[in-house]
Structures are given as C-alpha cells and as structure tokens.
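K.L.:
Residue numbers (the working numbering), protein chains in the order written: chain W, 1 to 894; chain E, 1 to 152.
(1) I'd like to know whether the C-beta atoms of residue 311 of chain W and residue 197 of chain W end up nearer to each other than 8 Å.
(2) Which bits of chain W does residue 4 of chain E rub up against, with CB to CB less than 7 Å?
(3) Among all the DSSP beta bridges, which residues are the ones paired with residue 91 of chain E?
(4) Answer yes or no: do residue 392 of chain W and residue 881 of chain W have a C-beta to C-beta separation smaller than 8 Å?
(5) If you reduce the DSSP assignment to three classes, tell me which class residue 306 of chain W lands in.
(6) How big is the Cα-Cα spacing for residue 3 of chain W and residue 361 of chain W?
(7) Between the segment 31-51 of chain E and chain W, which residues of the former have a C-beta closer than 8 Å to a C-beta of the latter?
(8) Can you pull the chain W neighbours of residue 22 of chain E, defined as C-beta to C-beta under 8 Å?
(9) List the residues that DSSP assigns as beta-bridge partners of residue 407 of chain W.
(10) To the nearest angstrom, how far is the alpha carbon of residue 448 of chain W from that of residue 344 of chain W?
(11) Compute the Euclidean distance between the alpha carbons of residue 414 of chain W and residue 877 of chain W, then round it to the nearest angstrom.
(12) Does chain E have any CB closer than 8 Å to the CB of residue 867 of chain W?
(13) Once you ignore the five residues that flank residue 579 of chain W on each side, which residues in its own chain have a CB closer than 7 Å to its CB?
(14) Tell me the rounded alpha-carbon separation between residue 112 of chain E and residue 21 of chain E.
(15) For my contact list, residue 29 of chain W and residue 102 of chain W are in at a C-beta cut-off of 8 Å; report their separation, rounded to the angstrom.
(16) How would you list, in chain order, the residues of chain W whose beta-carbon sits under 8 Å from the beta-carbon of residue 156 of chain E?
(17) Do residue 793 of chain W and residue 544 of chain W have their beta-carbon atoms positioned less than 8 Å apart in this structure?
(18) Starting from residue 87 of chain W, trace the beta strand (DSSP E) both ways and give me its first and last residue.
(19) Flag residue 475 of chain W as yes when its Cβ comes closer than 7 Å to any non-hydrogen atom of the ligand MG, and as no otherwise.
(20) Buried or exposed: residue 496 of chain W, going by 16 or more other Cβ atoms within 10 Å of its Cβ?
(21) Just to make sure I have the definition right: I need the residues of chain E whose C-beta is within less than 7 Å of the C-beta of residue 765 of chain W. Which are they?
(22) Considering only residues of the same chain and omitting the five flanking positions on each side of residue 244 of chain W, which have a CB-CB separation below 6 Å?
(23) Is residue 712 of chain W helix, strand or coil when you go by DSSP?
(24) I'd like to know whether the C-beta of residue 77 of chain E is nearer than 8 Å to at least one C-beta of chain W.
(25) Measure how close the beta-carbons of residue 859 of chain W and residue 848 of chain W come, nearest whole angstrom, since I'm counting them as under 8 Å.
(26) Could you work out which residues of chain W lie near residue 25 of chain E, taking near to mean beta carbons separated by less than 9 Å?
(27) Where does the unbroken alpha helix (DSSP H) through residue 453 of chain W begin, and where does it stop?
(28) Which residues in the same chain as residue 238 of chain W place their Cβ atom closer than 7 Å to its Cβ, once the five residues preceding and following it in sequence are excluded?
(29) Nearest to residue 832 of chain W by alpha carbon, out of W:456, W:194, W:189, W:787?
(30) Give the range of the alpha helix (DSSP H) segment to which residue 887 of chain W is assigned.
(31) Can you grab the Cα-Cα spacing for the pair residue 896 of chain W / residue 287 of chain W, in whole Å?
(32) Where do the N-terminal and C-terminal ends of the beta strand (DSSP E) with residue 41 of chain E fall, by residue?
(33) Alpha carbon to alpha carbon, how far is residue 434 of chain W from residue 809 of chain W?
(34) For residue 30 of chain E, which residues in the same chain have their Cβ closer than 6 Å to its Cβ, ignoring the five residues on either side in sequence?
(35) Taking Cβ-Cβ distances below 8 Å as the criterion, which residues of the segment 766-778 of chain W are in contact with chain E?
(36) Please list, in chain order, all residues of the same chain as residue 468 of chain W whose beta carbon is under 8 Å from its beta carbon, the five residues on each side excluded.
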C-alpha cells in the first residue's frame with residue numbers, strides 16, 4: 001500500500017465507498033416512481049371525485065389507480081394493472097388512501113436514504129480522521145519540529161468536519177438532480193425545440209460561466225482557511241507562551257499582531273461575500289432570463305401562430321421544474337468546491353514523506369527480540385537541519401551492558417550520540433549498528449521496547465502521575481477489558497467499516513513482562529522501587545499526605561488510620577519533642593490555625609469555602625454577631641490591615657516579598673487603604689457593613705504563629721473557643737454534610753491525611769520539627785502498612801497538561817522513572833536531570849549505575865558535569881563534534 | 001513575640017543599624033521565629049548557609065575545628081547576637097559550628113527575603129553598605145595598628 005494520500009477527493013470517496021455509493025444511487029432511483037406518483041394523485045383527486053369529472057351520471061363508476069406504462073416516443077402503451085372500478089365516494093376514499101400510502105412510502109425512502117447517507121458520511125469522516133492521526137504518528141521526526149500542533153489539531157478537528165456531510169451526498173445528489181433537470185429539459189424540447197434550445201443555451205452559459213466566477217471564490221476560501229488556521233496556531237502560541245509574553249511586556253505586540261491577522265481575515269471574508277453575492281446575482285439573473293425569453297419569444301411565436309398556446313403554457317410549466325434542480329446543483333457544486341479545497345489543504349499538510357512504514361509500528365503483543373550486541377558507530381557524521389555538523393567521523397563501540405558517560409557542553413555533540421541511537425537525529429553518513437542490525441532498519445516496536453531514551457523535557461499527557469509513570473508500558477492490549485467495558489460487536493463492526501483498528505482501548509495495556517512483574521501487587525512494588533531510585537517517592541508521598549482523607553479511606557482502612565493517629569500521639573508524647581505538634585483540642589485555642597479554623601474547628605468539603613469568599617448573606621456574619629465576636633474580629637482585622645498597608649504600600653507589584661502577604665491580596669491593598677481612612681475613628685456600629693466584613697475577613701485568615709502581629713489576647717482566644725462549641729451546635733442541618741469537625745475518635749474526611757494522623761499542626765517554628773514529625777509519621781505508616789496506600793494516593797495527583805503541575809525537576813525525574821519502569825536493555829539519558837541539584841543527580845546516577853550492573857543493562861548518560869561523568873566506568877569526552885578522549889576507569893576494568 | 005519586637009531586635013544588628021524601622025518591620029515579617037532545643041546545632045561548619053539567625057533568648061557556643069579534628073569553643077553568644085550574617089550576603093560555607101547551650105529562640109532571616117528587600121528598596125542597600133564600610137574602616141585601622149605594633 002502506498003503511503004501517499006489520494007489527492008482527488010472523488011477518487012478517495014470512490015475507493016472507500018464504492019458499493020455504498022452505488023447502492024444509494026440505486027435506492028434513489030427506486031424511490032423516484034412513488035415520488036412522482038405522489039405528485040400525480042392530488043391532481044386525480046381534485047379532477048375526479050371532488051370536481052366530479054366522469055361521475056356526472058348518478059351511480060357512475062370509474063377505474064382508478066390503473067398503472068400504465070406509456071412509450072414516450074410512440075403511441076403504444078402497456079397496461080400493468082387495470083385499476084379498481086369504483087363510484088365517486090369509493091374513488092375518493094381509494095385515491096386518498098393511496099395518497100396516504102405514497103406519502104408514507106416516500107417518507108420511509110427519505111428516512112432510509114438520509115440515514116444511510118449520514119452513516120456513510122460519518123464513517124468516511126471517521127476513516128479520514130483516523131488516517132490523519134495515523135499519519136501524524138508516522139511523521140518523520142523532523143516534521144514535528146516544523147508543524148504547529150494546534151494547526152494540525154484544527155485540521156483534524158474542524159477542517160475535515162464538512163467532508164462527512166458531503167461524502168454521503170457526493171454521488172447520489174448530483175445524479176438525482178441531473179436526472180430531474182434532464183427530464184424537465186427533455187420535456188421542453190419535446191414541446192418546442194426552439195424554446196428548448198434557448199433554455200439549453202442559457203443553461204450552458206450558466207454552467208460554464210458560474211464555475212469560472214467561482215474560481216475566485218475558491219481562491220478566497222483557501223486563503224480564508226489558511227489565515228484562520230494560522231490564527232489558531234498563533235492563539236495557542238499566545239496561551240503557551242503567556243508568561244514569557246507578559247514578563248517581557250510584549251503583550252501589545254501580540255495585540256497588534258492579532259489585530260493585523262484579524263484584519264487580513266476580515267478583508268478576505270468580506271471580499272468573499274462580495275463575490276459570493278455577485279455570483280448569486282448573475283446566477284439568478286440568468287435563471288430569470290429564460291422565462292423572459294419564453295414570454296417574449298414564445299409569445300411572438302404564439303401570436304404568429306408558429307406555436308400553439310397550449311404548448312407554450314406547457315413549456316412554461318415545465319420550466320418551473322428546471323431552476324430548482326439547477327440551483328441545487330450549483331449549490332452542490334459550490335459545496336464540492338469548498339470541500340475539495342479543504343481536502344486539498346489537509347492532503348498538503350499530511351502528505352509528508354517519508355512516513356514510517358506501518359509495519360514498523362505494528363502491534364506486538366508477544367516478546368520482542370533482545371538487543372543482540374554492542375552499539376557500533378563507524379565513521380558516523382550527523383548534521384542538523386541547518387546543515388551544521390553535529391558529529392564528525394565518530395568511531396566508537398559501546399557494549400550493550402556498559403555504563404558510559406558522554407561528556408561535553410551543548411554543541412559539542414555528546415548528546416547526538418544518544419539521539420542517533422534513538423533515531424531522533426538521522427544519520428548523515430557512516431553506519432550505526434546494534435549487534436547485527438543497522439539502527440535505521442530497526443522497527444519502532446523493537447527500539448521502543450528494548451531501548452530507553454529520556455531527554456531533558458519529557459512529555460506527559462494530561463492525567464494522573466500514575467498514568468504518566470506507566471505510560472511507557474502501554475504496548476499492546478495484554479489483558480482483555482472486563483466484560484461490561486469490552487468492545488461490543490457493534491463497536492467492532494463500525495471500527496472495521498471505517499478502517500479503524502479494533503484494539504480495545506479499555507483493555508489493560510500495561511506490559512507486565514516489560515516491567516518484570518507478574519501481577520498488580522508486584523507492579524506496585526516496582527513503582528515503589530523506581531520512584532525511590534529517582535528520588536520522587538518523597539514528593540508523591542507528601543502529595544498523598546496532603547490529599548483529603550475522604551479520598552483515601554477504603555474498606556478497613558479507617559481503623560488503621562485511627563490506629564496511626566493513636567500511636568502517633570503516644571510516641572510523640574513519649575519522646576523529647578512532644579511540642580513539635582500543636583495537637584487539636586476542643587477546649588483549647590490552637591496557635592497554628594487561623595482564627596477561622598479555630599472557630600469552626602474542622603474542615604469543609606469545598607475548598608472554595610474560605611472566608612475571603614463568603615457571601616455577604618452568609619449565616620456566619622450573624623453567628624459572629626451573636627457571639628459578640630464581630631467587633632473584636634473587626635478591630636483585629638483593621639489593625640492587621642493597618643500594619644500591612646503601612647508596610648506594603650510602597651512595595652512595587654512584582655516584589656517577591658509580596659508572596660509572604662497572604663492576608664490581603666496585593667491587588668486590593670488600595671481598597672484596604674481607602675477603607676482604613678474611611679473608618680478612621682468611626683465606632684463599630686457606624687461602620688458600613690461592607691467594611692465590617694472586609695476587615696473581619698482579614699481577621700479570619702490571621703494566624704498568630706505565622707503573622708506575628710501580636711494582636712490576640714487571652715480574652716479573645718477564650719471567646720473563640722466558647723463560640724466553637726456553639727457553632728457546632730447551631731450549624732444548620734443543610735450545612736452539616738459539608739462540615740466535618742475535628743473529633744479525636746473519628747477521621748475527618750475533609751482534612752488532609754497528615755492532619756488526620758497528627759491530629760494537630762506541626763509547630764514549624766521549632767527547628768527540625770518538620771523533619772522529626774515526618775520521620776515519625778513515616779515510620780508509623782510503614783509499620784501499619786499504610787505508606788504505600790498514601791503513596792498510591794499521591795500518585796493519583798493530576799499532573800496537568802504536559803505535566804505542568806509538576807516542577808521541571810519532578811518532570812525530569814518522572815521521565816527517567818517512566819523509562820526505567822520498562823527495564824530497557826540500553827538506557828540513554830540525555831541531559832535529563834538538568835533541573836536537579838548536583839548532589840541529587842549524583843545519587844540518582846549511582847543508583848542507576850548499580851541497577852544497570854545488577855540487571856545487566858547498558859547506560860549512555862550525556863552530561864556536561866565532570867563529577868557526574870566520573871561515576872561511570874567509561875567516559876567519552878566530546879569537543880566540537882568529535883570524541884577527544886575515551887577513558888575507562890581502572891577499577892571498573894578489573 | 002511580635003513583629004514590633006522582632007523589628008527592634010533587627011535594629012540592634014550592626015548590619016541593619018542604619019535601615020529605616022519600617023523596612024526592618026517588613027524584613028521581620030518575612031523572617032520567622034525558630035526555636036532550638038538545648039544541644040541542637042544552629043549551623044554546622046563547612047555546610048552551605050542560606051540564612052542568618054539572631055538570638056532572642058538563650059545561649060549558644062561557637063566552636064571551630066582545630067588541627068587534629070578536635071572542636072574548640074571560641075565564643076559564647078547571647079541575646080541580640082547574630083549568627084551567619086555574611087551568609088545572607090554571599091555564598092560561603094559556615095566558618096564555625098554554633099550549638100545551643102540552652103533552649104534558644106531565634107529570628108531567622110532568609111537570604112532570598114533579604115535580597116528581595118535590597119532589590120525593592122535601594123536605600124536599604126545603601127544603609128547596609130554604610131555598615132559594611134564602617135566595619136571595613138575598623139578592620140583597616142585595626143590592621144594598621146597591628147602592623148605598627150609588629151614593626152615597632
């Protein structure tokens with residue numbers, strides 16, 4: 001099968017839907033007779049039973065519903081069915097019922113035809129979209145750097161969309177319309193060849209001229225599409241680069257660029273409309289010109305007696321049927337034009353060569369061959385797209401189980417070595433083999449399983465961290481999906497009808513063999529091991545500790561977590577650092593919570609229910625008033641605001657120190673400053689409610705240990721603790737489900753796992769408290785077999801699009817972990833941990849080298865740091881595209 | 001323990017003597033209180049330091065490693081003394097180990113917070129510069145005296 005795309009839309013349609021197109025044509029033809037009969041019957045009803053033609057005599061009968069085929073070119077006719085002999089009333093009933101019958105039959109035909117066309121179109125659309133994505137997956141690597149992803153996405157999503165609607169009608173509609181037009185024209189010809197010729201002539205002018213005029217429309221449609229696609233590419237660039245645009249103050253350039261593009265689009269579109277309506281005008285004029293000729297020319301002929309009046313009337317009546325189909329045909333042609341332009345565009349963008357052969361990516365559900373020998377570079381030269389030499393005449397052999405560092409700054413060519421093996425950079429000359437096979441001949445399913453490659457910016461699709469971690473293992477549907485989720489026969493049939501693959505998306509695609517595990521439990525262990533190897537375990541473990549308890553609890557776990565809480569309290573009290581945790585106590589004010597948290601003393605299910613967001617009609621305000629807390633809170637909030645406004649007023653917007661300011665949003669400092677002036681010296685009762693609320697909100701977020709403004713006194717603390725109990729009592733019934741109080745004997749589903757275990761807050765002003773508490777908690781969780789459950793929870797963290805909710809260093813670690821998960825036989829790490837600190841990188845390298853030695857795989861690690869290279873058995877040093885030294889450690893050589 | 005007190009404490013540090021009280025309050029807000037238990041190290045010789053500590057209460061001893069690896073106590077610090085002030089101005093390893101002799105309360109100034117303050121308010125930088133210049137002048141005159149004494 002050729003990898004080129006079919007450039008002609010009709011040939012594409014014909015290749016993929018020939019039988020269906022012929023069938024629909026046939027059905028359309030079949031529907032014609034009843035279609036015309038349905039038109040004919042009303043005339044018969046009116047003329048016959050209603051007006052009484054042929055029923056003049058009482059008791060007269062007539063034959064109705066006879067079927068006669070007449071020879072249009074001669075006199076003979078053949079009666080198929082004689083009809084029923086009926087009286088006037090009977091004829092009326094019979095004919096009306098027949099009419100009803102034809103209406104139903106016509107309706108059913110129409111329903112069938114439309115459904116069939118629709119399904120055909122949708123299948124073709126599905127096929128085309130699938131083919132396009134398939135091609136994207138097979139693009140040459142360099143192509144990905146050339147295209148803008150959003151433009152490709154727009155094409156697959158929007159631009160091919162109208163094709164679906166068109167394809168179903170591609171042949172049947174024009175055939176039907178041409179047939180109709182032809183019949184009408186023939187009828188006119190039979191009545192009067194002169195008038196027929198005139199009609200034909202004008203029709204010819206119409207069909208020849210209009211498409212010419214439309215050539216310009218076609219060009220405009222093309223431009224319109226290109227500019228719109230560029231706009232979408234540009235918009236996505238703005239979104240992706242928003243922070244760089246704003247931090248360089250170039251937003252206005254973007255504005256003007258967008259405006260410029262919109263102007264171009266506007267003028268193209270406007271031009272388009274002008275032409276469109278001009279063409280329409282000419283078209284309409286030509287269509288109406290014909291009757292003009294009929295009236296004048298036909299009239300003269302009739303007056304002179306060359307044409308009888310009956311014929312003229314018949315011609316004019318027949319002509320009535322001509323413009324309809326012609327107009328529809330012209331519309332169809334216009335649609336064809338539009339769709340063909342779109343199709344051409346899509347073909348131009350996707351018909352890229354050379355595509356990776358489909359066999360290279362064939363699904364392999366079995367074992368793939370091992371890498372069978374060393375990687376040999378001989379006289380290898382590589383150049384980049386600009387023609388710059390990256391690597392020149394390199395000769396080197398790397399053992400398949402060797403740990404090698406490629407040392408060199410960027411531009412020295414060190415990273416090209418790995419890129420060549422992974423085929424990210426094509427070989428310009430020389431040869432590169434792995435064992436007995438040339439690298440360029442290795443199929444992707446071989447490289448992608450046996451070779452591991454991590455670059456500096458690993459990509460992750462939107463999803464959880466766990467999905468990202470396992471995303472390198474989805475090689476084939478290894479274990480079928482559960483019965484209720486597996487592909488139904490209907491889905492399989494449809495996939496085949498559209499040329500889509502029938503791999504089950506809902507099957508378990510995780511390759512256990514590649515990960516070296518036999519079941520889900522072992523997989524969990526492997527995840528655990530790999531994450532600690534790349535130093536990510538702590539990160540996800542703390543994500544897990546920060547998730548809501550309610551998301552973690554499963555069967556029997558509640559008890560265990562409560563046990564963890566109990567043991568934690570026991571142990572911390574027994575140790576020397578009992579004060580590391582400020583425990584939750586209903587009867588005591590907790591200095592490590594905000595005033596609001598102290599008041600409600602519990603957690604809320606919805607994260608947006610924070611004091612700053614409370615609406616003015618929240619029952620909380622009246623509750624505060626009833627507890628006589630409103631005035632003290634107002635005073636405290638006002639004082640805190642005064643200090644903050646005083647300190648921060650002169651601070652410019654971008655100052656990092658503003659990050660410390662969480663009581664008042666930096667952007668609202670001005671509002672608070674104004675409110676302070678407004679309320680200066682005003683008694684609480686006379687302060688406007690909005691200002692009361694404004695300052696009370698600040699007070700609610702106040703945390704004594706954090707903000708240290710010294711605004712709390714014992715009286716207020718006691719007042720808050722008293723109000724706490726009343727708050728619990730009075731909480732309205734409808735609010736109860738979204739509140740969970742801190743109860744010593746129950747887990748709080750809305751609080752974090754950590755809060756639940758500590759049942760308190762870490763006193764972080766104590767040096768080392770965070771570390772000591774974390775260590776104690778971790779030991780406990782391991783002891784109770786809860787550590788992995790927490791880690792697992794952490795792995796459900798949504799990493800965001802492209803993994804952007806992780807830091808760059810976390811993404812790099814996760815990238816390495818993903819590759820390690822599938823136990824590559826040769827691992828290439830290309831400056832992949834550049835965002836991590838030196839010490840951590842060293843630890844990770846040591847662990848990877850150890851793992852490589854024990855599991856027997858090879859490593860090629862590209863770095864520009866000498867101390868990192870020193871950790872490998874062998875170091876290849878690069879300078880200006882050449883290997884300048886190749887040293888093997890004596891210790892490793894032994 | 002309040003911001004006000006912390007700011008006053010900062011004002012007593014030589015480096016900040018010339019800085020306006022309002023700016024010190026801002027620095028105090030950015031800083032945090034850290035408590036050390038008796039026997040805990042506030043900083044360890046040779047380790048990278050990213051922060052300075054001002055003692056609020058308690059006592060701490062300053063030890064350095066002498067030839068042969070033994071630790072020798074060179075000074076005892078008390079209220080208002082500062083530990084690691086140079087670390088917030090330049091990258092350098094700690095030159096001594098400081099250990100709490102009793103429970104010690106400190107105010108921790110992070111390097112980044114301090115640098116942010118300097119960037120935002122150049123007059124603070126000038127004040128710090130003046131303090132450093134004073135210190136340099138003292139050191140220079142001390143050096144001159146020492147040289148004179150030696151040559152005499």
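Ideal Cβ positions, reconstructed from N, Cα and C, are used throughout, including at glycine.
P.N.:
This is what the structure gives:
(1) no
(2) Correct list: 710.
(3) DSSP, once it has assigned bridges, lists no residue as partnering residue 91 of chain E.
(4) yes
(5) coil
(6) 14 Å
(7) Flagged, chain order: 32, 33, 34, 35, 36, 37, 40, 42.
(8) 646, 647
(9) W:863, W:877
(10) 34 Å
(11) 8 Å
(12) no
(13) Same-chain partners within the cutoff: 763, 766.
(14) 20 Å
(15) Incorrect: roughly 17 Å between the Cβ atoms, too far for contact.
(16) Any answer about residue 156 of chain E is impossible in this case: the structure gives chain E only from 1 up to 152.
(17) yes
(18) 84-87
(19) Absent from the structure shown: the ligand MG. Ligands present: none.
(20) exposed
(21) 32, 33, 34, 35
(22) none
(23) coil
(24) no
(25) 6 Å
(26) 643, 646, 647
(27) Counting along the chain, residue 453 of chain W sits inside no alpha helix (DSSP H); it lies in the beta strand (DSSP E) bounded by residues 451-454.
(28) Taken in chain order, the residues that qualify are 245, 254.
(29) W:456
(30) First-last for residue 887 of chain W: 882-888, but that is the beta strand (DSSP E), not the alpha helix (DSSP H).
(31) Outside the shown range of chain W (1 to 894) lies residue 896 of chain W, about which nothing can therefore be said.
(32) 41-43
(33) 31 Å
(34) 113
(35) Answer set for the segment 766-778 of chain W: 766, 767, 768.
(36) These residues qualify, in order along the chain: 460, 461, 799, 803, 814, 818.
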